[in-house]
Amino acid sequence: QVQLVESGGGSVQAGESLRLSCVTSGINFSIFNMGWYRQAPGKQRDLVAGITSGGTTNYADSVKGRFAISRDNARNTVYLEMNSLKPEDTAVYYCRADVRNLPELWGQGTQVTVSS
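To convert, count from 1 in the sequence shown and add 1391; that's my numbering.
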């Protein structure tokens, strides 16, 4: 059974940090490109950070220098380290997995709330 399960969300104060995890199962994790997306109420779901199967990363401009994506192929897990959090980072964060010629996969999301 294919699963992407996010965890690590929560409620924090501005300036604090959180680390999100997305544990996958049922897929050959090492060949998938992984990404973190977020969706705030009333807004579209946007890419936050991505990491390719080869380890190349990319970030939304709004999180560059504050967030870091990483992957552990031995643990089938992708992480998002979020530092210096701002109220505008408040959203539901989703994990996405994709590889050529297969449907994309999404987790159920984890809520991140940052108060000022």
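In this text, a Cβ means the ideal position worked out from N, Cα and C, and glycines have one as well.
Values in this document were obtained by computation on a predicted structure and should not be read as measured data.
Applying the 10 Å Cβ sphere with the 16-neighbour rule, what's the burial state of residue i?
i	result
Arg1466	exposed
Arg1491	exposed
Gly1498	buried
Gly1406	exposed
Thr1501	buried
In the DSSP assignment, what residue or residues form a beta bridge with residue i?
i	result
Asp1437	Arg1429
Leu1395	Thr1415
Val1490	According to DSSP, which records beta bridges pairwise, Val1490 is partnered with nothing at all.
Gly1406	None, per the DSSP bridge assignment.
Report the residue from the options whose alpha carbon sits nearest the alpha carbon of residue i.
i	options	result
Glu1479	Ser1402, Ser1398, Ser1416	Ser1402
Val1503	Arg1462, Phe1420, Pro1432, Gln1392	Pro1432
Asn1474	Thr1468, Leu1493, Asp1463, Ser1453	Ser1453
Thr1481	Gln1392, Val1396, Gly1400	Gly1400
Tyr1428	Ile1460, Pro1494, Gln1392, Thr1415	Ile1460
Measure the Cβ-Cβ separation of residue i and residue j and say whether it is below 8 Å.
i	j	result
Gly1417	Gln1394	yes
Asn1449	Gly1441	yes
Val1505	Leu1476	yes
Ser1408	Ser1398	no
Phe1423	Ser1444	yes
Tyr1485	Gln1435	no
Asp1437	Ala1451	yes
So what does DSSP say about residue i, is it helix, strand or coil?
i	result
Val1420	According to the sequence as given, residue 1420 is Phe; it is not Val. Reduced to three states, the DSSP call for Phe1420 is helix.
Val1454	helix
Glu1479	helix
Gln1499	coil
Ala1459	strand
Asn1464	coil
Thr1447	coil
Using 8 Å as the limit for Cβ to Cβ distance, is residue i near chain B?
i	result
Asp1463	In summary, chain B is missing from the structure at hand, where a single protein chain is found.
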